[in-house]
Ligand SMILES: C[S@@+](CC[C@H](N)C(=O)[O-])C[C@H]1O[C@@H](n2cnc3c(N)ncnc32)[C@H](O)[C@@H]1O
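Numbering (the numbering used here), first residue to last: 3 to 262.
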């Protein structure tokens with residue numbers, strides 16, 4: 003079961019990542035732009051995927067966005083967008099194939115972000131701490147660091163096997179259905195395994211692609227304890243991008259600075 007160490011990298015499903023049309027994949031964009039305005043200079047995004055947030059930030063702020071992403075498949079999608087639909091933004095984007103647990107860019111940033119639960123793709127708590135230590139090193143003394151994680155659900159026998167459809171859309175004659183299938187939960191280590199499943203139906207034929215993804219989940223006290231131990235100060239915390247409180251939302255979004 004612990005073969006997730008090979009990575010959570012959308013190796014087979016990266017081409018379908020940008021089809022996701024749920025509100026939660028749009029509602030965070032202006033939130034990250036709003037906080038960018040409180041900072042200056044280049045922005046650093048970790049686990050930047052296909053550039054969903056970085057491209058929007060570059061467009062709105064006209065600042066450089068440095069991206070660290072481990073998945074070659076996701077980077078290929080990102081580069082394809084920079085060469086085609088988002089050509090005008092390519093001068094602002096710099097993409098590095100790297101591990102957010104170990105990166106070293108040799109400079110600091112006033113604004114570092116890990117959007118859309120990407121921190122949870124480091125399934126072990128030691129990996130989370132290693133990543134956040136690197137964030138702390140790369141964050142300037144007056145800088146802001148923002149990340150989002152989900153609030154844990156109940157991971158019992160009823161959770162295992164449940165399938166939820168995230169989107170079911172048409173692209174020309176192709177029907178694309180993305181669902182997640184809950185596979186396994188380790189409630190001691192607090193991580194969960196689920197299958198990211200894509201079905202493509204065209205001309206009566208069906209093709210399917212799958213990636214097993216492993217998430218670390220955190221109770222509120224777990225994550226705030228890690229932040230505290232690594233000398234981050236929580237400037238604000240929200241339960242969703244509209245700034246409702248954590249008890250009122252499904253997410254846990256932390257806006258942090260460095261303790262002096
Ligand atoms: C849910 S996606 C988020 C992508 C992007 N931030 C967004 O908001 O659309 C998580 C991303 O983290 C990447 N990832 C997983 N492990 C990583 C690691 N160790 N270092 C860097 N990126 C990683 C995955 O390949 C994936 O692109």
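Note that beta-carbon positions come from the ideal geometry of N, C-alpha and C, so glycine has one too. Because the structure is a prediction, the values reported are computed rather than measured.
With 8 Å set as the bound, which would you pick, yes or no: does the beta-carbon of residue i sit closer than that to a beta-carbon of chain D?
i, result
"residue 35", "Reference to chain D is not applicable here, since this structure consists of a single protein chain."
Would you tell me roughly how many angstroms separate the C-alpha atoms of residue i and residue j, rounded to the nearest one?
i, j, result
"residue 136", "residue 233", "12 Å"
"residue 258", "residue 82", "33 Å"
"residue 14", "residue 124", "19 Å"
"residue 260", "residue 209", "48 Å"
"residue 121", "residue 229", "13 Å"
"residue 245", "residue 154", "19 Å"
"residue 61", "residue 158", "43 Å"
"residue 187", "residue 10", "16 Å"
"residue 171", "residue 143", "45 Å"
"residue 138", "residue 104", "12 Å"
"residue 91", "residue 205", "36 Å"
"residue 262", "residue 235", "9 Å"
"residue 65", "residue 227", "33 Å"
"residue 161", "residue 85", "41 Å"
"residue 25", "residue 31", "11 Å"
"residue 108", "residue 207", "50 Å"
Mind checking whether residue i and residue j have CB atoms under 8 Å apart?
i, j, result
"residue 184", "residue 163", "yes"
"residue 220", "residue 115", "no"
"residue 67", "residue 94", "yes"
"residue 73", "residue 21", "no"
"residue 45", "residue 38", "yes"
"residue 148", "residue 178", "no"
"residue 217", "residue 248", "no"
"residue 166", "residue 189", "no"
"residue 59", "residue 110", "no"
If you count every other CB in all the chains shown that lies within 10 Å of the CB of residue i, and 16 or more means buried, which is it?
i, result
"residue 180", "buried"
"residue 16", "buried"
"residue 3", "Residue confidence is low: residue 3 scores 41 on pLDDT, short of 50, so the model does not pin down where it sits. Its coordinate-derived value is still stated next. Burial call: exposed."
"residue 253", "buried"
"residue 79", "buried"
"residue 97", "buried"
"residue 29", "exposed"
Quick one: residues in its chain with C-beta nearer than 6 Å to the C-beta of residue i, no 5 flanking neighbours on either side, listed in chain order?
i, result
"residue 51", "76"
"residue 48", "70, 102 and 116"
"residue 238", "257"
"residue 88", "57"
"residue 211", "14, 15 and 200"
Which residues in the same chain as residue i place their Cβ atom closer than 7 Å to its Cβ, once the five residues preceding and following it in sequence are excluded?
i, result
"residue 250", "241"
"residue 33", "243"
"residue 42", "112"
"residue 213", "12, 13, 14, 15 and 198"
"residue 196", "182, 183, 184, 185 and 215"
"residue 156", "none"
Nearest CA to the CA of residue i: which residue from the options?
i, options, result
"residue 255", "23, 118 and 100", "118"
"residue 106", "88, 31, 133 and 65", "133"
"residue 231", "130, 100 and 27", "130"
"residue 128", "25, 224 and 18", "224"
"residue 99", "126, 53, 85 and 86", "53"
"residue 176", "161, 202 and 191", "202"
"residue 18", "191, 85, 226 and 173", "173"
Leaving out the 5 sequence neighbours to the left and right, which residues in its chain are closer than 8 Å to residue i when beta-carbon positions are compared?
i, result
"residue 23", "169 and 171"
"residue 145", "41, 110, 111, 112, 113, 114, 259 and 260"
"residue 35", "58, 59, 62 and 63"
"residue 126", "191, 193 and 218"
"residue 27", "54 and 118"
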